[in-house]
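One structure is given here, and the rest of the page talks about it.
Protein chains: 6
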Amino acid sequence: MPDLDPALRQHLLGMTTATATSMLNQRGYQNQFMNGARPLQRGARACGRAVTVRFGPGRPDLTFSQEERSREPLWSTIESVEAGDFLVLDCGGDTRAGTVGDILAARIKHRGGVGLVVDGALRDAAQIRDLVGLACWSAGVHGSGYPPYLACLDSGQAVRCFGVTVRPGDVILADEDGLVAIPLALAEEIAEAGAEQERKETFIRTLIQQGVPTSEAYPPNAATLERYEAWKRQQPQDASPG
Amino acid sequence: MPDLDPALRQHLLGMTTATATSMLNQRGYQNQFMNGARPLQRGARACGRAVTVRFGPGRPDLTFSQEERSREPLWSTIESVEAGDFLVLDCGGDTRAGTVGDILAARIKHRGGVGLVVDGALRDAAQIRDLVGLACWSAGVHGSGYPPYLACLDSGQAVRCFGVTVRPGDVILADEDGLVAIPLALAEEIAEAGAEQERKETFIRTLIQQGVPTSEAYPPNAATLERYEAWKRQQPQDASPG
Amino acid sequence: MPDLDPALRQHLLGMTTATATSMLNQRGYQNQFMNGARPLQRGARACGRAVTVRFGPGRPDLTFSQEERSREPLWSTIESVEAGDFLVLDCGGDTRAGTVGDILAARIKHRGGVGLVVDGALRDAAQIRDLVGLACWSAGVHGSGYPPYLACLDSGQAVRCFGVTVRPGDVILADEDGLVAIPLALAEEIAEAGAEQERKETFIRTLIQQGVPTSEAYPPNAATLERYEAWKRQQPQDASPG
Amino acid sequence: MPDLDPALRQHLLGMTTATATSMLNQRGYQNQFMNGARPLQRGARACGRAVTVRFGPGRPDLTFSQEERSREPLWSTIESVEAGDFLVLDCGGDTRAGTVGDILAARIKHRGGVGLVVDGALRDAAQIRDLVGLACWSAGVHGSGYPPYLACLDSGQAVRCFGVTVRPGDVILADEDGLVAIPLALAEEIAEAGAEQERKETFIRTLIQQGVPTSEAYPPNAATLERYEAWKRQQPQDASPG
Amino acid sequence: MPDLDPALRQHLLGMTTATATSMLNQRGYQNQFMNGARPLQRGARACGRAVTVRFGPGRPDLTFSQEERSREPLWSTIESVEAGDFLVLDCGGDTRAGTVGDILAARIKHRGGVGLVVDGALRDAAQIRDLVGLACWSAGVHGSGYPPYLACLDSGQAVRCFGVTVRPGDVILADEDGLVAIPLALAEEIAEAGAEQERKETFIRTLIQQGVPTSEAYPPNAATLERYEAWKRQQPQDASPG
Amino acid sequence: MPDLDPALRQHLLGMTTATATSMLNQRGYQNQFMNGARPLQRGARACGRAVTVRFGPGRPDLTFSQEERSREPLWSTIESVEAGDFLVLDCGGDTRAGTVGDILAARIKHRGGVGLVVDGALRDAAQIRDLVGLACWSAGVHGSGYPPYLACLDSGQAVRCFGVTVRPGDVILADEDGLVAIPLALAEEIAEAGAEQERKETFIRTLIQQGVPTSEAYPPNAATLERYEAWKRQQPQDASPG
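Protein chains in written order, with the numbering used here: chain H, 1 to 242; chain V, 243 to 484; chain S, 485 to 726; chain U, 727 to 968; chain B, 969 to 1210; chain Y, 1211 to 1452.
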């Protein structure tokens, strides 16, 4: 799986998921925003490389004993997490049992993981909330561990998560609104187009605050676009959008 | 559409949605409370005149181009918002795409809008949360703009929102519990009956804190009602309930 | 209904619902965690003896008039609440109307009730949130009182609540993650086993923070368990887990 | 539990559930029709006295062993079924396991039971479908028996079934449209008013087939009502509606 | 509202909804198939011009008395039904009450209506099933009439029905699979392209039955397309697809 | 993937899914019955070896062009179907688009496939219903083909289908009640134990028809079991259960 360039990751972190989603929509990717994921932490914000694990309804011939635990795909995936990775767990929306609890979360963080999204439940939400540096999103919280309700099927495959197909290596950008899966091949382009978009919206926001009607400002008409280009030329060269 | 008297609006703002709903229930209106709407801001509270917009699943012959955007019902409705208006968007519960984002929300606020409820998703929740003065409720948050998933059908019609039929001109009262649609013709009566109800409940609350059992205090029996009337006569004349 | 020993209650209060659920799972109780209950207060935490009330869809021959209210099962149950009781209301997941509002909640608290969970809606959420000492969980909030949508059927029976069968006298342990129903006969054993479990997890958490991989630390292998036993002997005798 | 008069039962059997529901609606009973129950047999039709059993999510201390089975509320209820009884099983909508299978169904039929409705799943649907004389409705079909997913809680209590509160002794009328719970005290009145209603609708149906517009025929205006009364006087005295 | 040419209607009737949907998909209309509508009659099949009526949750100020019934939008719409019309009722998916029963259905049929779809419930399903000539689809069946649960809001507007926005004048094509809303402007083109598509699929079906692998036959490769063109030239000129 | 012995397949075909599920339950497999799958054909019945295909929400970089179609996992899986195979398609419950239509179904049948289950939608239900020899189960029917709503992710992996984890090579037994996934290693044992179970239930059914109460017959007490053993010895040696 290719690495995610840290500078690109930083660039994307400056952007909202709404902007990134718009940029994807304009490029034919209509279904990359994960619908309904709830952040555990207020002000949550993260960007990283998708590492996937898949769960299914439990069955005895897919259940690992305590002794074999380290061979379970979730465990081996966590032990191979690299700096900047974002774990994506596909539980098929099943919240009848928790998956990652605070101890596994602490290990993910220790290995450099930056985010975690579960289309299912987490355990120990209060303790995970206090783990500074690992931002988490889930569909719910549950007190039980996952066997016998869920079994860990595999890792490193394309998965479904909150209505989006996520491929390993996708760039996950996440904020309080939710999460968006950006195909790695598009990430650079999205970062640039999104920065321009956010710059433009910053300008539009100012107009709106001044009372300019939407017919002029949003979407901007030709005259407004011209004013925007003039304004942009006056900004410091290296300004990053907000 | 008739105006909503500012004094009446202020009077209603002093009341909880629970009280207003009870007053409506007693008058045969059993289904005026919007079930499941989540406030974006902590301590959210607003009252205004319902202005309605309706969305449906998208189709190309109902999609506006960027150039025609200002003719779209959502846009023209926003540009005719008056002070004290409360936007009610009917998306049929569809949260697959966002409707209003922070720029449109800022424009609604600039025109004097006081509230916004969407039986669907908003975009840019974090930024909207920071817009002081425009209280918002929704079913979710989504990063995408609404085409091609949703199309804006019309405005100024009776709509469905969180299980309630809302008519343009209804008075929307909203707090952290949710929202209630008060038919304009009943608003004055609800305001008065509700004030009396809240006064009575303030009195009852005191009794409960003193350890009076519910058989005496709630609902109040004859003796308690008599004590209440006496207490009420001792209150300052213009006391408004809290 | 037997009493719940205050010391046992205090002991359980020091434990998370996740730990208690694990302890129940290990004893064959796979389905004791209430899935999806939302706390009204941040940092909510309570433990008490289950007192049950059951609601159903309303019908005129099961509706109490204002005069007969004190004979309604909800009312008589509240008037017999004892110190340390935890009310469990079964609404079949129906959130079309509120059940307990702030006045009844205040009465429950006054009688010594410590918690309330409703598989349905509460009224007056904002005011209940301010009632220090009565922790509440629900599926939603609604402005209406419950007739005519719901009728109070009975009390003191086994009920269903958020996917769990709760028997009167069960010990309810609740925190921000959710609630767990502990059969009284197992409560002592769960308290002890859970304390040992939390002690062990505290030790494991330290290892994880030091960078020990999960293959050694979680679940702990033989060497780690030996180290844990040594560590435990060095702890102050009466240390209670955090 | 009082008996249901066989003549009354026969009278009601001649009526549709839609008519009986309308008659209940007119008497303030707005919520007596069970919403979403699917008949197992084509042309299903039955009327009987409600006998109730309640299930909840399973737990070991509520599970009966094979040896104790006959003490389980479902078993003892079946063994006390009388001619004309209609079993009403409340599973809280849970279809993760089957309740009654073809052997228990055959026993219910042998004892004179006429109907069965389960707000959950049945087992052995194909075989039950062939049991002539016992009409069945359910939310689904499942291959598993109910432990450990469900436990049988009690019998003879008011229960919830497909959104209706059913009391033991209610008269259940059921056809392909669904089921309606008629309070026993109203059954005679509903039978008579319903027969008159169906007679009137038979007359209206003829008018509609002749091309009379709804403004005259449905609801019937004064002139149509007069014609109806004349027509009714010409019918054979003992005509029962169709 | 423009008429629907009877010859075009006949042409479309020869086509499956799956084919019509594919033809719409190819023209950018991705969301015209109504998802989840259940036919009341086996082998149901109809095509007609959409006539729309909209319902919402009931409220007293939108409820018509028996005397005013003929002014209610549903009634006046039915009385203006023309030959070939297809009624589309939007209930927001609410099945808590029935809308059209057998008497109104008989009137629709008498006026020449050919189909009826309700994103909610019908009443008197068994009787409607026997009404030859009026094909019906719904989300369910309910014994109650619609007040007080639903109110009839308006007619002649764009509506939502089973996840599709339907405009008055759309051509509704319906079979056992479901229903598709064809914009009138595209209907002729869809009819022609669909006929060609079904002809091609008839040819492909024969190949598949002969054991030709999908890599050759489906989608057809160049050689297969050539064979198809040859086959087509041999067919009788006026052959209509099956 | 190992073959499924035709004799074993035949043996299992004589058994209901309810019996097979019970046998699995007794061996610790509590969650092998697919909940909610609807058969397309009346009297549907099939048994075969699971061949799996997985779908996810669509995205352009996972969409195959018409030319590349034969490389898509669904296509290549169908072209490698062997006699006795049972296709299991995992769509995550998404019914917004159809997967297999009548042409692909005909190809599956031509290659010897015996069954098909889709946790999503089929296309061309009416035509598939007429394909004698390929029994089908689904969650719904949809007119659209699957791009752009769904993408075919992979094949030959463990999948989720109607709440069950199905592994390639599992034995799928299906009837009108639903489907059950039997791990291959247990299939022989399930076949034998199930045959004995059905023999016993045949005997019990006779007792029930003779009026024997459940306390004696079901579950059978010691005396009944003795009578059963005697009865069994009198049966023809090679009798297969019904």
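Heads up, the beta-carbon is just placed ideally off N, CA and C, and yes, glycines get one too.
Bear in mind that the values here come from a model prediction, so they are computed numbers and not experimental data.
- Message: Quick check on V/V374: buried or exposed, where buried means 16 or more other Cβ atoms within 10 Å of its Cβ?
- Response: Locating residue 374 of chain V in the second sequence gives position 132, where the first residue counts as 1. It counts as exposed.
- Cα-Cα separation between Y/P1378 and Y/A1397, rounded to whole angstroms: Residue mapping note: residue 1378 of chain Y aligns to position 168 of the sixth sequence, counting from 1. Residue mapping note: residue 1397 of chain Y aligns to position 187 of the sixth sequence, counting from 1. Distance between the alpha carbons of Y/P1378 and Y/A1397 is about 14 Å.
- Completely contained beta strand (DSSP E) runs for the region 746 to 810 of chain U, where each covers 3 or more residues: 772 to 783
- Task: Work out the CA separation of U/D729 and B/F1054 for me, nearest whole Å.
- Result: In the fifth sequence, counting from the first residue as 1, residue 1054 of chain B sits at position 86. In the fourth sequence, counting from the first residue as 1, residue 729 of chain U sits at position 3. Taking the straight line joining both Cα atoms gives about 48 Å.
- Span of the alpha helix (DSSP H), counted from its first residue to its last, around Y/D1213: Sequence index remark: in the sixth sequence, residue 1213 of chain Y carries index 3 (1-based). First-last for Y/D1213: undefined, no H or E at that position.
- Any 3 or more C-beta pairs closer than 8 Å across the region 644 to 664 of chain S and the region 519 to 533 of chain S: yes
- Query: What does S/V648 touch in chain U if you count any residue whose Cβ is under 7 Å from its own?
  - Reply: Stepping through the third sequence from its first residue, residue 648 of chain S is reached at position 164. Near S/V648 (Cβ distances below 7 Å), the residues of chain U are P783.
- Message: To the nearest angstrom, how far is the alpha carbon of H/Q32 from that of H/A44?
- Response: By one-based count along the first sequence, residue 32 of chain H stands at place 32. By one-based count along the first sequence, residue 44 of chain H stands at place 44. Taking the straight line joining both Cα atoms gives about 19 Å.
- Message: My assumption, with CB atoms under 8 Å, is that Y/V1291 sits in contact with Y/R1321. Please give the rounded CB distance.
- Response: The count along the sixth sequence starts at 1 and reaches residue 1291 of chain Y at position 81. The count along the sixth sequence starts at 1 and reaches residue 1321 of chain Y at position 111. With 8 Å as the limit, Y/V1291 and Y/R1321 qualify as a contact, their Cβ atoms being about 4 Å apart.
- Message: Just to check my reading of the structure: B/Q1095 and B/D1070 have Cβ atoms closer than 8 Å, yes? What is that Cβ distance to the nearest angstrom?
- Response: Taking the first residue of the fifth sequence as position 1, residue 1095 of chain B is located at position 127. Taking the first residue of the fifth sequence as position 1, residue 1070 of chain B is located at position 102. The pair is a contact, with the Cβ atoms about 4 Å apart (cut-off 8 Å).
- Query: Do H/T165 and Y/L1363 have their C-beta atoms closer together than 8 Å?
  - Reply: Here residue 165 of chain H refers to the residue found at position 165 when the first sequence is read from its first residue. Here residue 1363 of chain Y refers to the residue found at position 153 when the sixth sequence is read from its first residue. The answer is yes: Cβ separation under 8 Å.
- Item | chain V contact residues for H/R205, given Cβ-Cβ distances below 8 Å | Position 205 of the first sequence, counting from 1, holds the residue named residue 205 of chain H. D344, I345 and A348, listed in chain order.
- Query: Taking only beta-carbon atoms, is V/H253 less than 8 Å away from chain H?
  - Reply: Start at 1 with the first residue of the second sequence, and residue 253 of chain V comes out as number 11. Chain H contact via Cβ: absent.
- Helix or strand or just coil, what does DSSP make of S/D654? As a position in the third sequence, residue 654 of chain S is number 170, starting the count at 1. S/D654 falls in the coil class under three-state DSSP.
- Query: Between the region 1340 to 1360 of chain Y and the region 1229 to 1240 of chain Y, do at least 3 Cβ pairs fall closer than 8 Å?
  - Reply: no
- Per-residue DSSP class, three states only, for Y/D1300: Here residue 1300 of chain Y refers to the residue found at position 90 when the sixth sequence is read from its first residue. Strand at Y/D1300.
- Query: When you compare only the Cα positions, how much space is there between H/R205 and S/G597?
  - Reply: For the purposes of this step, residue 205 of chain H is taken as residue 205 along the first sequence, with counting starting at 1. For the purposes of this step, residue 597 of chain S is taken as residue 113 along the third sequence, with counting starting at 1. Rounded to the nearest angstrom, the two C-alpha atoms are 51 Å apart.
- Sheet register partners of H/D154 (DSSP bridge): Residue numbering aside, residue 154 of chain H sits at position 154 when the first sequence is read from its first letter. BP columns for H/D154 point to H/R54.
- Proximal residues to S/G647 (C-beta, below 6 Å), its chain only, five neighbours per side dropped: Numbered from its first residue, the third sequence carries residue 647 of chain S at position 163. Correct list, in chain order: N519.
- Outcome for B/Q1165 when other beta-carbon atoms lying within 10 angstroms are tallied against a minimum of 16: The residue given as residue 1165 of chain B occupies position 197 in the fifth sequence. Looking at its Cβ environment, which holds 16 or more other Cβ atoms inside 10 Å, B/Q1165 is buried.
- Item | Length of the line joining the Cα atoms of V/K474 and H/T16 | For this step, residue 474 of chain V is matched to residue 232 along the second sequence. For this step, residue 16 of chain H is matched to residue 16 along the first sequence. Taking the straight line from one Cα to the other gives about 54 Å.
- Task: Output, in sequence order along the chain, the residues in the region 1420 to 1449 of chain Y whose CB is closer than 8 Å to any CB in chain B.
- Result: none
- Message: On the DSSP bridge list, what partners appear for B/I1172?
- Response: Translated into positions along the fifth sequence, residue 1172 of chain B becomes position 204. In DSSP, B/I1172 forms no bridge with anything.
- Backbone CA spacing between V/G340 and V/R365 [nearest angstrom]: In the second sequence, the residue the question calls residue 340 of chain V occupies position 98. In the second sequence, the residue the question calls residue 365 of chain V occupies position 123. Looking at the two C-alpha atoms, the distance is approximately 5 Å.
- Since U/A877 contacts U/V844 with CB under 8 Å, what's their CB separation in whole angstroms? Stepping through the fourth sequence from its first residue, residue 877 of chain U is reached at position 151. Stepping through the fourth sequence from its first residue, residue 844 of chain U is reached at position 118. Actually they do not touch by this definition, with Cβ atoms about 15 Å apart.
- Along chain Y, which residues have their Cβ under 8 Å away from the Cβ of H/A139? One-based indexing of the first sequence puts residue 139 of chain H at position 139. Going along chain Y, no residue has its Cβ under 8 Å from H/A139, so there is no contact; the nearest lies around 14 Å.
- Identify the contact partners of S/Y513 in chain U, using a Cβ-Cβ distance below 9 Å as the criterion. The residue you call residue 513 of chain S lines up with position 29 of the third sequence. Under the 9 Å cutoff, chain U gives R785, P786 and D787.
- Query: Do S/L536 and S/Q693 have their CB atoms nearer than 8 Å?
  - Reply: The count along the third sequence starts at 1 and reaches residue 536 of chain S at position 52. The count along the third sequence starts at 1 and reaches residue 693 of chain S at position 209. Looking at the sequence itself, residue 536 of chain S is Thr, so the reference to Leu does not match. Not in contact: S/T536 and S/Q693 (Cβ atoms no closer than 8 Å).
- Helix, strand or coil: which one does DSSP assign to Y/G1404? Reading the sixth sequence from its first residue, position 194 is the one you call residue 1404 of chain Y. It is helical.
- Item | Reduced DSSP category for Y/T1434 - H, G, I as helix; E, B as strand; rest coil | Working through the sixth sequence from its first residue, we reach residue 1434 of chain Y at position 224. Note: Y/T1434 maps to helix in three-state DSSP.
- Item | As assigned by DSSP and simplified to three states, the class of V/D344 | Along the second sequence, read from residue 1 onward, the residue named residue 344 of chain V stands at position 102. DSSP places V/D344 in helix when its eight states are reduced to three.
- Any idea if B/P1188 is buried or exposed, counting beta-carbon neighbours within 10 angstroms, 16 or more meaning buried? Residue numbering aside, residue 1188 of chain B sits at position 220 when the fifth sequence is read from its first letter. B/P1188 is buried by the Cβ-count criterion.
- Message: Helix, strand or coil, according to DSSP, for U/S870 in the structure here?
- Response: Within the fourth sequence, numbered from 1, the residue matching residue 870 of chain U stands at position 144. Of the three classes helix, strand and coil, the one that applies to U/S870 here is coil, per DSSP.
- Query: When burial is assigned at 16 or more other CB atoms within 10 Å of the CB, is U/P962 buried or exposed?
  - Reply: For the purposes of this step, residue 962 of chain U is identified with residue 236 of the fourth sequence, where counting begins at 1. So U/P962 counts as exposed.
- Anything in the region 1047 to 1066 of chain B with a Cβ closer than 8 Å to a Cβ of chain U? List those residues in chain order, please. E1047, T1063, R1064 and G1066
- Message: Quick check: what's the CA-CA separation for V/L254 versus V/A292?
- Response: As a first step, residue 254 of chain V must be located in the second sequence, where it is residue number 12. As a first step, residue 292 of chain V must be located in the second sequence, where it is residue number 50. Rounded to the nearest angstrom, the two C-alpha atoms are 14 Å apart.
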